[in-house]
Amino acid sequence: MKTLAIFTIFVLIFGTASTSLVSDAYAQNDLNILVRIAGQADTQINNQLTTSYGADRTQWPSDIESLYVKGHAAVESISNSLPDNPEQAKKDFLIAMKSFREISKILSEPVTESKVTSSDVSDKHLSSQLDRIEKYVKTLKTISEKHGSDVDFVQVDILIREARVQVDNGVEDPSETIDQLKRLINSIQKEIREYTSHGASDRVKQFVNKQLDNIERKLVKALDADADQTQIDNAYQLIDEIRNLISENQIDNAKFVFHELNKLLKNIERSVR
Amino acid sequence: MEQQFVPIHRKESLGEDGMLFVRNDGVIDTMVKVPLLVASVIIVAAIIPIQSSFSSPRTLDLIIYPDGSTHVSTEIDVDSLASDYELELFGNTIDNLVVVDENEFLLDADVLDDYALIGTFGSSVISVEYDIHDLVSKQGRVWTFSLDAPSDFTLLLPKNSAIVGMTNLPIDMKLINEQNQLTLSRGQTEIDYLFSTPTIFDPIEPIDTTSKSDYLLYSIIGGVVAAIVGVIIAITKTKQKTVKPVEEIQTIQTKQKDEIIDTETIFKLKPDIREDDKEIVKFISNNGGQVLESELRKKFLQPRTTMWRAVKRLERNGIIEIEKKDLQNLVKLRNDMEEEE
């Protein structure tokens, strides 16, 4: 017994120690990215400030200049703190990013807002919308292939290409193509759902039958614990109804009644506690 | 001389009357308690991950598109005995919601505000994908991503975006198709990013995080490797000992000096160059247009990474070029500089 206890304690201690070793090594890897992110932000903010106010720092607004000096010094300090003082490096990182954040907030006040043109945003929006649709279609293709369905994606691919060209050229309005694409994707999703419904029904049937057996056992226990007889009777009625619906392959209705049964079962369990 | 060994423990264990005294009042307690304690610890250790595994995302990956919409994909362990699962969404403007189980069966999901009621019916793992428009806001040129994440997650930022502020420490950062992917901790996170200037990704020199105890081992290995490399270089040099005439070297150096563009011209061609970078350019120019990076570090008292970054910045601006010389970086002013657009 003593040996077993010592062995178990040893395993636990070793397990704990090894975990901390792993996380320590993991934390050490992090340090590179602090320098990298803060360095990028420093360069970016510097570029923004130079564009807005010129390269001569004396021309920068004093509040922005002092924030930049603080942030830049913190970035330099991150490099200097590593590898000996990771905690200081982390503090410096947060100081730097906070300073740059404040600068970017000041820079994005209405004065500079006009620099982003509406056409840029519109192009980005349409292009992003297409990206999202493409990703969605890819997911549907994966599901379709997995179930071996013969859903045809050729027309979808053609429309995506067409819309992409329209977005890139900026001559034709791609909205109509995108709407067409959306309608087609909706019908494809329905098609896939119908194709996989047989397998899904089997899965639901299997689950519900298994759960109904469990619920019946719970009802017997509830009856022994003096639960309300009327509620128990109602529960049995619902069970019969679900079994009938499943035998008639009315899966959606069965699912609905199953939810009702679960609610009732919760009430019964609460009443006997 | 005969040595007499006196067993210390035995001597201490003897009572006043010379009888062996064994302390046994805590033995039974200890025998019972230790296994109980150990069993408790094991049970607690085993239960913690089980408790946290249900209904918490296994994975959570986010992709931000250039228009600020975000694609969310997550895998969640769900109770296989439950008929449905209520998923808290990250907002209520949801598009393209797809939920599948571990067998790639499409599951029914009803979205109610920022919740989705998913009919799991025996599934133990569900994969959820959707697009959301609530996570990124824009003020002026600054885009802000904000999320209270239920678990650690990855975030892929759009192309040509550059982070200009964040509220907490990242766990990791990778470059995927010229896009930054951050790994972040659970909890509230805010990240500001901009689009304007294309981001240039500096391959930062790895920071030496070696523990001091490893230094001896590494220095021995390094010494051996250096010795081998040294011998190889020496042998190679002996074999290829063809010295250029002194006159020829002088001619090349004079030619190089003539071709160096003066700093004023450089600063006119590149008006956006940083003040600290101008000092570096002046120093290189004063040194005949070329200098070792290590000399720059000594001159400006800068750490290796900082100076390396400055040099790379100048290289990107087309002001200098970097050549390898005896395993060192030789920084040279370019004489074919082009005006900034």
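For the protein sequence lines, the chains are C and D, in the order given.
If you want my numbering, it's the position in the first sequence, counting the first as 1, plus 212.
If you want my numbering, it's the position in the second sequence, counting the first as 1, plus 37.
Glycine included, every Cβ here is placed at the ideal spot set by N, Cα and C.
When DSSP states are grouped into helix, strand and coil, D/L193 belongs to the strand group.
Around the C-beta of C/N479, fewer than 16 other C-beta atoms lie within 10 Å, and the residue is accordingly described as exposed.
DSSP places D/R341 within a helical segment (H, G or I) once states are collapsed to three.
Considering only C/R415, C/S293, C/K350 and C/L473, the residue with the shortest C-alpha distance to C/E453 is C/L473. For C/V377, the secondary structure class from DSSP, reduced to helix, strand or coil, is helix. Interface annotation, D/P187: not in contact with chain C, CB-CB separation never under 7 Å. In this structure, C/A375 keeps its C-beta atom at 7 Å or more from the C-beta atom of C/I397. Contact between D/I359 and D/I321 is ruled out by a C-beta separation of about 12 Å, above the 8 Å threshold.
Residues K417, V420, N421 and A466 of the same chain have their beta carbon placed closer than 8 Å to that of C/I458, with the five preceding and five following residues left out of the count. Contact with chain D is found for C/Q256, since one of that chain's Cβ atoms lies less than 7 Å from the residue's Cβ. If the five residues before and after D/D132 are omitted, its C-beta is found closer than 6 Å to the C-beta atoms of D168, all from its own chain and listed in chain order.
C/I290 carries a helical assignment under DSSP once its states are collapsed to helix, strand and coil.
Counted as a single uninterrupted DSSP element, the stretch harbouring C/H410 is not any beta strand (DSSP E) but the alpha helix (DSSP H) occupying residues S387 to D436. The residues D151 and Y152, in chain order, have a CB closer than 7 Å to that of D/E125 in the same chain once the five nearest residues on each side in sequence are set aside. Residue-level contact by beta carbon fails for D/M344 and chain C, as no gap is shorter than 7 Å.
In the DSSP assignment, D/P94 falls within the beta strand (DSSP E) that extends over P94 to I101. Residues of the same chain with a CB within less than 8 Å of the CB of C/A437, apart from the 5 flanking positions on each side, are V484 in chain order.
Considering only D/A186, D/L134 and D/K196, the residue with the shortest C-alpha distance to D/T96 is D/A186.
Counting along the chain, the unbroken alpha helix (DSSP H) around C/H471 starts and ends at I463 to V484. DSSP, reduced to helix, strand and coil, places C/P298 within a helical segment of the structure shown. D/G224 has D/A186 as its beta-bridge partners, per DSSP. With fewer than 16 other beta carbons inside 10 angstroms of its own, C/T270 counts as exposed. Among the residues facing chain D, C/N381 is not included, as its CB has no counterpart in that chain under 7 Å away.
Taking 7 Å as the CB threshold, D/N354 stays off the interface with chain C.
The continuous beta strand (DSSP E) containing D/D121 extends over residues D121 to E125. Using a CB distance below 8 Å, the part of the stretch 296-312 of chain D facing chain C consists of P308, D309, I310, R311 and E312, ordered along the chain. Taking a contact as a CB-CB distance under 8 Å, the pair D/N366 and D/E312 does not count as one, their CB atoms being some 23 Å apart. For D/K307, the three-state secondary structure derived from DSSP is coil. Secondary structure of C/G251 (DSSP, three-state): helix. A residue is called buried when at least 16 other Cβ atoms come within 10 angstroms of its Cβ; C/V432 does not meet this threshold and is exposed. C/A447 sits in a helix when the DSSP states are folded into three classes. Nearest in C-alpha terms to C/Y348, of all of D/E166, D/S198, D/V137 and D/G224, is D/E166. Contact between D/V266 and D/V328 fails: their C-beta atoms lie close to 25 Å from each other, not under 8 Å. Under the DSSP assignment, D/V318 falls in the alpha helix (DSSP H) whose first and last residues are E312 to N323. For D/I213 against D/D189, the beta-carbon gap comes to about 17 Å, at or over 8 Å, which does not count as contact. Of all residues in the stretch 404-424 of chain C, only I404, R405, T408, G411, A412, R415, V416, Q418, F419, V420, K422 and Q423 come within less than 8 Å of chain D when Cβ atoms are compared, listed by chain position.
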